[in-house]
Amino acid sequence: MYDYKKEEIKAKKLKYLILMVVFAIASSLAISLSIQPLISLIAAVVCFILAIFFAIQYIKTVKQKL
């Protein structure tokens, strides 16, 4: 029988990993492309917070029982 729970956890792990990497890259790009310093700083902080959030979600997903 096909294990849907295992596949669901693998899909969640992949989703959170991709989102974490995307927001980490966006955070560094917002700092390096600082056209207006305050706006780029706010964008970098928001992207960094989102990257941390998705990292926590990834860790929670990894710890789930299969």
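Start counting the sequence shown at 25; every next residue gets the next number (this note's numbering). Quick reminder that beta carbons are idealized off the backbone N, C-alpha and C, glycines included. Fair warning: this is a prediction, and the values are worked out from it, not measured in the lab.
Quick check on this structure: which residue in M44, F72, T85 has the alpha carbon closest to the alpha carbon of I55?
Just measuring C-alpha positions, the residue of M44, F72, T85 sitting nearest I55 is F72.
Test item: CB-CB of T85 and K36 under 8 Å
With contacts defined by Cβ atoms closer than 8 Å, T85 and K36 form a contacting pair.
If you follow the alpha helix (DSSP H) that Y26 is in, where does it begin and where does it stop?
Taken as a continuous stretch (DSSP letters only), Y26 belongs to no alpha helix (DSSP H), as it is neither H nor E.
With a CB to CB cut of under 6 Å and the five nearest residues on each side skipped, what residues in its chain are close to Q81?
Only Y40 meet the Cβ criterion.
Would S58 and A75 be called neighbours here (beta carbons separated by less than 8 Å)?
No.
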